[in-house]
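Take any residue in the sequence shown, note its place counting from 1, add 108, and you have its number in this note's numbering.
Taking it in order: structure first as structure tokens, then the write-up.
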Amino acid sequence: MFKQISQNVWAFDVEWVPDSDMGRRLFQLPNEMEEAEVFQKMWEAGGASEEDPMPYLKTVLCRVVSIAAVIRNQKDDQSVSLSLTSLPHHPEIPEEQQESAMLSTFLNAIGENKPQLVGFNSQRSDLKILVQRAVAQGIQAKEFAKRPNKPWEGVDYFDSKFSPVHVDLIEILGGHGKSTPSLHEMANVCGIPGKMGVEGKEVAPLWLEGRLPEIVAYNECDALSTYLIWLRTAHFGGFFSDQAYEEEQLRVR
């Protein structure tokens, strides 16, 4: 269970697809090969089967296509503001689809604002792919990466065991193997709508069809689900009274 709630909380989610440039280099594929064919080669190398034609690939072999976050900011006067933001802001504009721009914007915004991050399986996947891809792209995120000598001297996003600034809900709610719930399952158990019309396996096909706005909308839905599960967990832990919890839910609606 997490020990505290910061005044600034970002519940985030990341969507990614196979990186076709990486696939061409790794498997020595011709540059003119269509992206869909490259994806297929990467899935085949990743163990594709009839039952699972699009297996989960190592995050380092993928590229980030969307980042979404629900931002909760509590001011000193105890007033609370809530907002939903996503990258790219305008998914129909090609320039905003650049992975490096999204990574730099998001990681440096974290470094500047120092929020408490909240994710669902984010320690193993979402946060990990952001760091992997930022390193691969040659991006600098100095303030995000900075590690204090003492816990009270600053935030530490790389201390997964003892730092309170990154809450991975799966570490609190998960089990072992098949007993670990998915975000969709946990949301539904809590009475939260969860995924609306799109499943994770559909992200790559949507990307190949040029339907990035739908991926961003799906990403935003997952960020909202993550935030609402965090609220429920925080209420369980006594950080919100019954009345305060109801008020927090109303802010989302």
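Positions of the beta carbon are idealized from the N, C-alpha and C atoms, including for glycine.
Please read these numbers as outputs of a predicted model, since none were measured by experiment.
By the three-class DSSP mapping on this structure, what secondary structure does residue 348 have? For the purposes of this step, residue 348 is taken as the residue at position 240 of the sequence shown. Residue state, collapsed to three classes: coil.
Beta carbon of residue 270, beta carbon of residue 255: below 8 Å? The residue you call residue 270 lines up with position 162 of the sequence shown. The residue you call residue 255 lines up with position 147 of the sequence shown. In this structure, residue 255 does not lie closer than 8 Å to residue 270 by Cβ.
Sheet register partners of residue 181 (DSSP bridge): Sequence index remark: in the sequence shown, residue 181 carries index 73 (1-based). Paired residue(s): 116 and 189.
Could you tell me which of 351, 197 and 117 sits nearest to residue 224, measuring between CA atoms? Taking the sequence shown and counting its residues from 1, the one referred to as residue 224 is at position 116. It is 117.
Residues near residue 114 by beta carbon distance below 6 Å, same chain, minus five either side: Taking the first residue of the sequence shown as position 1, residue 114 is located at position 6. Around residue 114: 224.
Compute the distance between the beta-carbons of residue 123 and residue 174, then report whether it is under 8 Å. Locating residue 123 in the sequence shown gives position 15, where the first residue counts as 1. Locating residue 174 in the sequence shown gives position 66, where the first residue counts as 1. Contact: yes.
Relative to the C-alpha of residue 330, which residue among 210, 149, 193 and 186 is closest? Position 222 of the sequence shown, counted from the start, is the residue given in the question as residue 330. Considering only alpha carbons, the answer is 193.
Helix, strand or coil at residue 308 [DSSP, three-state]: Within the sequence shown, the letter at position 200 stands for residue 308. In this structure, residue 308 counts as helix in the three-state DSSP scheme.
Let me confirm a value: residue 326 is counted as buried when at least 16 other C-beta atoms fall within 10 Å, else exposed. Which label applies? As a working mapping, residue 326 is identified with position 218 in the sequence shown. Looking at its Cβ environment, which holds 16 or more other Cβ atoms inside 10 Å, residue 326 is buried.
DSSP state of residue 285 mapped onto helix, strand, coil: To locate residue 285, count along the sequence shown from 1; it is residue 177. Reduced to three states, the DSSP call for residue 285 is helix.
How far does the beta strand (DSSP E) with residue 273 in it reach, from first residue to last? What you label residue 273 is simply residue 165 of the sequence shown in a count that begins at 1. Neither: residue 273 is in no beta strand (DSSP E) and is coded neither H nor E.
Can you name the residues that DSSP bridges to residue 121? Position 13 of the sequence shown, counted from the first residue, corresponds to residue 121. DSSP output for residue 121 lists 176 as bridge partner(s).
Check residue 336 in the structure and name its three-state DSSP category. As a working mapping, residue 336 is identified with position 228 in the sequence shown. Correct three-state label for residue 336: helix.
Taking all protein chains shown into account, do 16 or more other C-beta atoms lie within 10 angstroms of the C-beta of residue 207, making it buried, or fewer, making it exposed? Reading the sequence shown from its first residue, position 99 is the one you call residue 207. Flag for residue 207 reads buried.
In the DSSP assignment, what are the bridge partners of residue 171? Here residue 171 corresponds to residue number 63 of the sequence shown, with the count starting at 1. DSSP output for residue 171 lists 125 as bridge partner(s).
Sequence-distant residues of the same chain with beta carbon closer than 6 Å to residue 262, five excluded per side: The sequence position of residue 262 within the sequence shown is 154, counting from 1. Taken in chain order, the residues that qualify are 256.
At what residue ranges does the segment 189-243 contain a whole run of the beta strand (DSSP E), taking only runs of 3 or more? 224-227
Applying the 10 Å Cβ sphere with the 16-neighbour rule, what's the burial state of residue 168? The residue you call residue 168 lines up with position 60 of the sequence shown. Classification of residue 168: exposed, given that the 10 Å Cβ count is below 16.
Which of the three DSSP states, helix, strand or coil, is assigned to residue 296? For this step, residue 296 is matched to residue 188 along the sequence shown. Three-state DSSP puts residue 296 in a helix.
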